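**Q**
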Amino acid sequence: MKIFRILIVSVRPYLIGIAVVVVCTLSTSSAYAQSLQYWEKQYKAIQDKNKAQSNIVISYLSALYANKEFEQAERVLTRSIDTALKSENYSDVSILYCIQAMNLRIMENTIGAEKSLDLAKQYSIKANDAETKGYLAYSEGWLSSRNGYHEKAVEYIITAIKHYESAPNSNTLNKRKSVANSELSVIYNRLGEEELNEKYAKASLSYALLQHEPQTKFSAFMQMGNLYDRLYSTHPDHVNYRDLSERYFLQSIDIFNQNKEVMYNLSDLSFANNNLASLYLYSFPDTYRCKALEYAKKANAIALKTQRADHIASSYGIISSVYLAEGDAKRAISYLLEAKQALEKSSIADRNIELNIYESLVEIYAEYGNYKEAFHYQQEYLELFKKLYNQDKLEIVRKLEAQFDKERQQQRLVKLQYESEKNKQQIALMHVLAQQREQLLSNLKLIEENQRSRLKFSELEAQKNAQQLRLSQLETEQKNKDLLTYKSIVAYKDKLNTFYVASMIFFIVVVVLLLYAYRQRLKTMKQRDTLHHLAIEKEKQNSKISTLTALLQGQEQERGRLARDLHDGLGGLLSGTKLHLTQLYKKVGESAQEGLNKSVEQIDAAVTELRKVAHNLMPDLLVNYGLKEALDEFGIRMSNETLDIHIEFLSYTSFLSQDKQLLVYRIIQELVNNAIKHAEASQIIIQLVEEEHEIIVTVEDDGKGFDTNKLDLKKSAGFHNIQSRIQFMKGTLAVHSEENIGTSVEFKFPKK
């Protein structure tokens, strides 16, 4: 029944808070988690050895806050700040003040939180450390989100992620990246941005897995479980969402059970069991009720130990729903009354859960004809609703007053922000001019190298001419000698006949030797010319490859930059605009509401189109998870009612470099777009086969086809881009098409 579903889901927003900032969790548990004693021993050990290890201090603080040891937490925090100040460790000082600010905000001490944040900023400047600046920006985003300024929160947290990316590696960096991405995912979830919510939740999980810290991995798994639970509730035809949610919830429970001694709060385990029980009850077939009952009882046992009233009530609510589904209304009512009694014992429990209990009791009693009890609980429901409604109105007034003060401060910063943007534009212009100068210098160097090559060629020509002149001189000298010899023979004809014959023979030998030397010289010159021509051709080929590489890299970098700007900048702005218009809906008259509805619909259409453009520009799944996952997501996204895209990977080992994966993705993307645009296909089959020495990719469609003899590849920009990428990978392309039958495109490239 829908009423019981609301009762269970009401506990989940707190669960998201755990995933965002563990050190600031507030628990109503009266029993200590196992980790409190463990971290207390670790903390005392570093105190006895007079060592400063901020990660142990932060973990001990997290356990103290989780178990409501606020006074001890403040003492440890103050002592740690003093120790860090004495050792001039300004980075730890700044981070500790940030932790203090966030916990003061949870306890509604906004003034104290602002003071602590100001101190954190001062010491962050002294530390001048990228990771510290990132943690400060994350804290500002966290506080902005809790104060209702979601757009500001997104800006701060994106700034934090940029600082983390530029920071050197440390034993806490991946954890902080995970927490920052997790908080960004939560904000986009509040704004209704499913795609961005999923993107940053996955990023949070990837960094958590690199950190190898149980608490961080537990929080990331829980967030992924809740993410896919929400996606399945809005897309019930995607059963894989439900299965993914189950897998992540089970992984989070395993992580907790295997590392109980270091986990901050035992109540987190009851959260995980409650959510998994709710998933089995409402998202799986009826045969899974026994599993729902099993995990609900586990959650109930833990909640009774920690005295978490809302957890106790939630587990009883699931148990009640199971028995009601089995037709046992009597036991269902008894568990609902147990849940109500647990909430009444707690002064800080969520009264919205109590409202759901009353609503459930009214419906059950009315359904089984006990109208007296139904009327009684209906009265209880109305009294509690009025009480909560009045409290909500007072809270709204206080929030509006605080928001007015914040708006006045933001107006003072507008002018400074304008000046900052102007300076950024000037810096960008100077950067462009510098690039132009570098290009000009590169051109001058090429011209200089060309002139040197020409000079060398001229020198070779001069040497050749000198050799020919020398040969001519030798021939002239030889002719003179022959003439003298001939005169001598004529003068001394009788006496020198033998000498004349010998001279003729000598002349013939010399001429033959000279001719042979001349031919050898010509052969050597031709070989040099050939080698020089080959060297020039090699340089041209290398230049062409370098130009193509730079062009492809530039295109991908520009695509990545445009995708990030569209998602993080324009996407956030459109979401914020939609949120403001939605808030205005109730404040305007009926005549304006229709216009606001059309505006919101247009913004939704713009956001959808923006997502498609950003996905086409830069596939984040390819960068984070590889070619197979990116193509699977691409096939799902491009498929529709009239088009089915089927993707097959055969013997694929995911060994390709990221550059080659991106080139293959772009080629397939271009071929699919051509098939959709020109072929009017209803089915497209993409097959990637890895063989021993090469990769073979085939893209086939059942479209209208074309005459390949009429296709001019040089005039087709799409095929030109495809051929350029395949040539870059030293591959080959084959196109086969028949009219009214379809088209098959196959390209191959070597594995190495």
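Numbering (the working numbering), first residue to last: 2 to 753.
Even glycine gets a Cβ: it sits at the ideal position worked out from N, Cα and C.
Values in this document were obtained by computation on a predicted structure and should not be read as measured data.
Just verifying my parser: in three-state terms, what is the DSSP assignment at residue 385?
**A** Taking the sequence shown and counting its residues from 1, the one referred to as residue 385 is at position 384. If DSSP states are grouped into helix, strand and coil, residue 385 belongs with the helices.
**Q** In this structure, how does DSSP classify residue 643 when only helix, strand and coil are distinguished?
**A** In the sequence shown, counting from the first residue as 1, residue 643 sits at position 642. Reduced to three states, the DSSP call for residue 643 is coil.
**Q** Relative to the alpha-carbon of residue 284, which residue among 254, 245, 258 has its alpha-carbon at the smallest distance?
**A** Start at 1 with the first residue of the sequence shown, and residue 284 comes out as number 283. Checking every option, the nearest Cα to that of residue 284 belongs to 245.
**Q** Does residue 741 come out as helix, strand or coil in the three-state DSSP assignment?
**A** Counting from one through the sequence shown, the residue named residue 741 turns up at place 740. The answer is coil: DSSP assigns residue 741 none of H, G, I, E or B.
**Q** Here's the rule I'm using: 16 or more other beta-carbon atoms within 10 Å means buried, otherwise exposed. How should residue 184 be labelled?
**A** To locate residue 184, count along the sequence shown from 1; it is residue 183. By the 10 Å Cβ count, residue 184 comes out buried.
**Q** Per DSSP, which residues does residue 749 bridge with? Please list them.
**A** Here residue 749 corresponds to residue number 748 of the sequence shown, with the count starting at 1. For residue 749, which the question treats as bridged, DSSP gives the partners 697, 733.
**Q** Just to confirm, are residue 687 and residue 742 a CB contact at a threshold of 8 Å?
**A** Mapped onto the sequence shown, residue 687 falls at position 686. Mapped onto the sequence shown, residue 742 falls at position 741. Not closer than 8 Å, so no.
**Q** Kindly indicate which residue of 739, 730, 738, 737 has the alpha-carbon position closest to the one of residue 749.
**A** Here the question's residue 749 lines up with position 748 in the sequence shown. The shortest C-alpha separation from residue 749 is found at 730.
**Q** In whole angstroms, give me the CA-to-CA distance for residue 282 and residue 723.
**A** By 1-based counting over the sequence shown, the position of residue 282 is 281. By 1-based counting over the sequence shown, the position of residue 723 is 722. For residue 282 and residue 723, the distance between alpha carbons rounds to 50 Å.
**Q** For residue 89, which of helix, strand or coil comes out of DSSP?
**A** Looking up residue 89 in the sequence shown gives position 88. If DSSP states are grouped into helix, strand and coil, residue 89 belongs with coil.
**Q** When you compare the CB positions of residue 382 and residue 344, do they come within less than 8 Å of one another, or not?
**A** Numbered from 1 along the sequence shown, position 381 holds the residue referred to as residue 382. Numbered from 1 along the sequence shown, position 343 holds the residue referred to as residue 344. Result no, Cβ atoms of residue 382 and residue 344 do not sit closer than 8 Å.
**Q** Could you give the distance in angstroms between the alpha-carbon of residue 512 and the alpha-carbon of residue 529?
**A** Looking up residue 512 in the sequence shown gives position 511. Looking up residue 529 in the sequence shown gives position 528. If I take the Cα positions, the gap works out to 26 Å.
**Q** At the level of alpha carbons, what is the spacing between residue 363 and residue 353?
**A** Counting from 1 along the sequence shown, the entry for residue 363 is found at position 362. Counting from 1 along the sequence shown, the entry for residue 353 is found at position 352. If I take the Cα positions, the gap works out to 15 Å.
**Q** Is the CB-CB distance between residue 142 and residue 177 below 8 Å?
**A** The residue you call residue 142 lines up with position 141 of the sequence shown. The residue you call residue 177 lines up with position 176 of the sequence shown. Cβ distance not < 8 Å, so residue 142 and residue 177 don't count as in contact.
**Q** For a test of the three-state rule: what should DSSP assign to residue 594, helix, strand or coil?
**A** Indexing the sequence shown from 1 puts residue 594 at position 593. Residue 594 falls in the helix class under three-state DSSP.
**Q** Note down, in chain order, each residue of its chain lying with its Cβ closer than 6 Å to the Cβ of residue 735, except the 5 sequence neighbours on either side.
**A** Within the sequence shown, residue 735 is the residue found at index 734, counting from 1. Hits under 6 Å: 747.
**Q** Looking at the secondary structure, which residues open and close the alpha helix (DSSP H) in which residue 685 lies?
**A** Within the sequence shown, residue 685 is the residue found at index 684, counting from 1. Run containing residue 685: none in the alpha helix (DSSP H); it sits in the beta strand (DSSP E), 684–691.
**Q** Can you tell me whether residue 329 is buried or exposed, with buried defined as 16 or more other CB within 10 angstroms of its CB?
**A** For the purposes of this step, residue 329 is identified with residue 328 of the sequence shown, where counting begins at 1. Classification of residue 329: exposed, given that the 10 Å Cβ count is below 16.
**Q** According to DSSP, residue 650 sits in a beta bridge with which residue or residues?
**A** As a working note, residue 650 is residue 649 in the sequence shown. DSSP lists 689 as partners of residue 650.
**Q** In three-state DSSP terms, what is residue 702?
**A** On the sequence shown, position 701 is the one that residue 702 refers to. Three-state DSSP puts residue 702 in a strand.
**Q** Anyone know if the C-beta pair for residue 114 and residue 98 falls short of 8 Å?
**A** One-based indexing of the sequence shown puts residue 114 at position 113. One-based indexing of the sequence shown puts residue 98 at position 97. Not closer than 8 Å, so no.
**Q** Could you round the C-beta distance between residue 515 and residue 472 to whole angstroms and report it? I think they count as a contact, below 8 Å.
**A** In the sequence shown, the residue the question calls residue 515 occupies position 514. In the sequence shown, the residue the question calls residue 472 occupies position 471. Indeed, because the Cβ distance is near 7 Å, the residues count as touching under 8 Å.
**Q** Which residue from 462, 304, 727 puts its Cα closest to that of residue 527?
**A** Position 526 of the sequence shown, counted from the first residue, corresponds to residue 527. Selected option, being the one with the closest Cα: 462.
**Q** To the nearest angstrom, report how far apart residue 624 and residue 630 are at their CA atoms.
**A** The sequence position of residue 624 within the sequence shown is 623, counting from 1. The sequence position of residue 630 within the sequence shown is 629, counting from 1. Going by the C-alpha atoms only, they are around 10 Å apart.
**Q** Roughly how many angstroms separate the alpha carbons of residue 497 and residue 510, rounded to a whole number?
**A** Taking the first residue of the sequence shown as position 1, residue 497 is located at position 496. Taking the first residue of the sequence shown as position 1, residue 510 is located at position 509. Going from the Cα of residue 497 to the Cα of residue 510 covers about 20 Å.
**Q** With respect to the alpha helix (DSSP H) encompassing residue 223, which residues constitute its N-terminal and C-terminal limits?
**A** Here residue 223 refers to the residue found at position 222 of the sequence shown. Counting along the chain, the alpha helix (DSSP H) containing residue 223 begins and ends at 215–235.
**Q** Just to check my reading of the structure: residue 702 and residue 680 have Cβ atoms closer than 8 Å, yes? What is that Cβ distance to the nearest angstrom?
**A** The sequence position of residue 702 within the sequence shown is 701, counting from 1. The sequence position of residue 680 within the sequence shown is 679, counting from 1. With a Cβ gap of about 5 Å, residue 702 and residue 680 count as contacting.
**Q** Count the other CB atoms within 10 Å of the CB of residue 108; is the residue buried (16 or more) or exposed (fewer)?
**A** Residue numbering aside, residue 108 sits at position 107 when the sequence shown is read from its first letter. Exposed: under 16 other Cβ atoms inside 10 Å.
**Q** Please confirm whether residue 751 has its beta-carbon closer than 8 Å to some beta-carbon of chain B.
**A** This model lacks chain B altogether; it includes just one protein chain.
**Q** By DSSP, does residue 589 sit in helix, in strand, or in coil?
**A** What you label residue 589 is simply residue 588 of the sequence shown in a count that begins at 1. Looking at residue 589 - three-state DSSP - the assignment turns out to be coil, as it is neither helix nor strand.
**Q** Beta-carbon within less than 6 Å of residue 733's beta-carbon, same chain only, minus the 5 sequence neighbours each way: which residues are those?
**A** Sequence index remark: in the sequence shown, residue 733 carries index 732 (1-based). Only 749 meet the Cβ criterion.
**Q** Give the secondary structure of residue 436 by DSSP, where H, G and I count as helix, E and B as strand, and everything else as coil.
**A** If you number the sequence shown from 1, residue 436 lands on position 435. Residue 436 falls in the helix class under three-state DSSP.
**Q** With DSSP as the reference, label residue 20 as helix, strand or coil.
**A** The residue you call residue 20 lines up with position 19 of the sequence shown. Because the pLDDT of residue 20 is 30, which lies under 50, any placement of that residue in the model is unreliable, and the question is left without a value.
**Q** Taking 7 Å as the limit between beta carbons, can you name the residues of its chain near residue 490, skipping five residues before and five after?
**A** For the purposes of this step, residue 490 is taken as residue 489 along the sequence shown, with counting starting at 1. Correct list, in chain order: 497, 501.
**Q** Run through DSSP, which three-state label would residue 328 get?
**A** Within the sequence shown, numbered from 1, the residue matching residue 328 stands at position 327. Coil.
**Q** Assign residue 483 to one of three DSSP states: helix, strand, or coil.
**A** In the sequence shown, residue 483 corresponds to position 482, counting from 1. In the structure shown, residue 483 sits in a helix (DSSP, three-state: H, G or I).
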